[in-house]
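First residue of the sequence shown? That's 274 in the working numbering, and the numbers climb one at a time after it.
Heads up, the thing below is written out as structure tokens.
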Amino acid sequence: MRLLIISYERLISNGSAGTAVMCGLVDAALRRNFEVTYVALCTSLTPQDWEQPFDFGSNVHNLRQVLLLYRRELQGPWRRFIGSFNHAAVSKFTNLNECVELQEVYDCVIAFDSLAISLSRRVSAAKKISILGDPAGRRIWHTSPWSKPIMKLKAFLVEVAELAFFALTPRRDVLAMFGSGHSKFWSHVLARKILDLRPFLASPIVDLHAQRGNLPKINFGGTLAGTASRQSITSIFDAILPALRARLGRGMFELRFVGDSTEYFQRLSKPHCEIKLLGRVASFETELAAGDIFILPMNYPVGVRTRVCSALAAGNFCLVHPSVLFNMPELEQCEAVKVVESATDYAAAIADLPMGAGMVRLRKIARQFFDSHYSSQTAAAPLLNII
Numbered sequence: 274m275r276l277l278i279i280s281y282e283r284l285i286s287n288g289s290a291g292t293a294v295m296c297g298l299v300d301a302a303l304r305r306n307f308e309v310t311y312v313a314l315c316t317s318l319t320p321q322d323w324e325q326p327f328d329f330g331s332n333v334h335n336l337r338q339v340l341l342l343y344r345r346e347l348q349g350p351w352r353r354f355i356g357s358f359n360h361a362a363v364s365k366f367t368n369l370n371e372c373v374e375l376q377e378v379y380d381c382v383i384a385f386d387s388l389a390i391s392l393s394r395r396v397s398a399a400k401k402i403s404i405l406g407d408p409a410g411r412r413i414w415h416t417s418p419w420s421k422p423i424m425k426l427k428a429f430l431v432e433v434a435e436l437a438f439f440a441l442t443p444r445r446d447v448l449a450m451f452g453s454g455h456s457k458f459w460s461h462v463l464a465r466k467i468l469d470l471r472p473f474l475a476s477p478i479v480d481l482h483a484q485r486g487n488l489p490k491i492n493f494g495g496t497l498a499g500t501a502s503r504q505s506i507t508s509i510f511d512a513i514l515p516a517l518r519a520r521l522g523r524g525m526f527e528l529r530f531v532g533d534s535t536e537y538f539q540r541l542s543k544p545h546c547e548i549k550l551l552g553r554v555a556s557f558e559t560e561l562a563a564g565d566i567f568i569l570p571m572n573y574p575v576g577v578r579t580r581v582c583s584a585l586a587a588g589n590f591c592l593v594h595p596s597v598l599f600n601m602p603e604l605e606q607c608e609a610v611k612v613v614e615s616a617t618d619y620a621a622a623i624a625d626l627p628m629g630a631g632m633v634r635l636r637k638i639a640r641q642f643f644d645s646h647y648s649s650q651t652a653a654a655p656l657l658n659i660i
């Protein structure tokens, strides 16, 4: 089976959530003995010094990795509008003719996000699968306050245009999305089945029995400059941190932030003795496994929360906002996940958590739920089984 996968960025173990998902997909395909060609859409040929190549083990001999450079271009208002959901309208490839891999014949091509999907249309393959990114219209809607009605109108128009654009996708092609809420809505509007996906992540090796100190270690992290993170950070500093101090006492817990942080974020954290900034790490899951609890207090029902899947893989008990359930309703059935909304609820839930053997039990439940829902081979199966 010859499989072509097109997506953003190199296959690294410490990249964004989208990169982690693509590493999981490639890993799952290689474990099925597929011959995989991965075309990475990049803005530079030179890797960053912090990048850690993903380890595919002995299966790597069936993997071919190719870089294809692109750049964003300044465009007029109309092109920018289209570019909000079709990145091909505002992007230009610099070495497209040199990418001979796109001229070969494959059994299947899987493209993730609009720029990759535009490339997949020129590839000869028996089956084509397009994984749509988070709906652009919904992103604008949920990040725009009602005090800016023009942005709300733009969000509505973008959603209508976005749906119309992808409605033109040939019926023989498979469309997929991450999230139950999104896929159900798009399936209804487009009158075709949209495959409902979950993040496919590599299974990290973590010690679920590791000894902890007496203070609760609370994790938060991911792409800290992202929309969901910015919303969460506001809640953490304005409400949850004071609630934790009121319930547990000042200095009686550790709040660990994992991920590359901005100077503004560092200034916010400096006055608080409970906060520990870990920055970008080699393995997100390994770092989370050094804590007990993961919090995600944002109200942003767009996309799936890959960081929650990583936290479960690390054996963390997760406290999440109800908005997470829109696209990941299965989390409500996990004993290691608690849905909370107010800051006092976060503090109460953390104060009531068991320590010792009770926490080890919750770690095991968290990891079991990850293995049954989000591990690469399990979560990628609905996609790879149709090839």
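Glycine included, every Cβ here is placed at the ideal spot set by N, Cα and C.
All of these numbers come straight from a predicted model, not from anything done at the bench.
In the three-state reduction of the DSSP assignment, C296 falls in the helix class, which pools H, G and I. In this structure S364 does not touch L340 by the C-beta definition: roughly 15 Å separates them, more than the 8 Å allowed. In the DSSP secondary-structure assignment, T559 is not bridged to any residue. Rounded to the nearest angstrom, the gap between the Cα atoms of T496 and K466 is 31 Å. Under the three-pair Cβ rule at 8 Å, the segment 592-601 does not count as touching the segment 531-538. Taking all protein chains shown into account, F493 has 16 or more neighbouring C-beta atoms within 10 Å of its C-beta and is therefore buried. The segment 375-444 is shown to contain whole beta strand (DSSP E) runs of 3 or more residues at 378-385 and 397-405, in chain order. Assignment of E536 by DSSP, reduced to helix, strand and coil, places it in the helix class. Collapsing the DSSP output to three states places E308 in a strand. In this structure, R395 places its C-beta atom within 8 Å of the C-beta atom of L375.
With respect to E282, A301 sits apart: the two C-beta atoms are not nearer than 8 Å. Looking at the DSSP output, E527 sits in a beta bridge with K490. Distance between L448 and M525, taken at the CA atoms: about 49 Å.
The segment 421-434 makes no contact with the segment 367-384: fewer than 3 CB pairs, one atom from each, lie closer than 8 Å. The count of Cβ pairs closer than 8 Å, one atom from the segment 604-619 and one from the segment 639-654, reaches three, so the stretches are in contact. For S648, the closest of V479, I548, R471 and P627 by C-alpha to C-alpha distance is R471. Inclusion of F473 and G588 in the CB contact set at 8 Å is not warranted, their separation being larger than that value. The three-state secondary structure of K457, taken from DSSP, is helix. C-alpha of M274 to C-alpha of V333: approximately 15 Å in a straight line.
Exposed is the label assigned to L318, since fewer than 16 other Cβ atoms lie within 10 Å of its Cβ.
Between the segment 501-508 and the segment 563-582, the count of Cβ pairs shorter than 8 Å is three or higher; the stretches touch. In this structure, DSSP gives S317 a state outside helix and strand, which the three-state scheme calls coil.
A residue is called buried when at least 16 other Cβ atoms come within 10 angstroms of its Cβ; P422 does not meet this threshold and is exposed.
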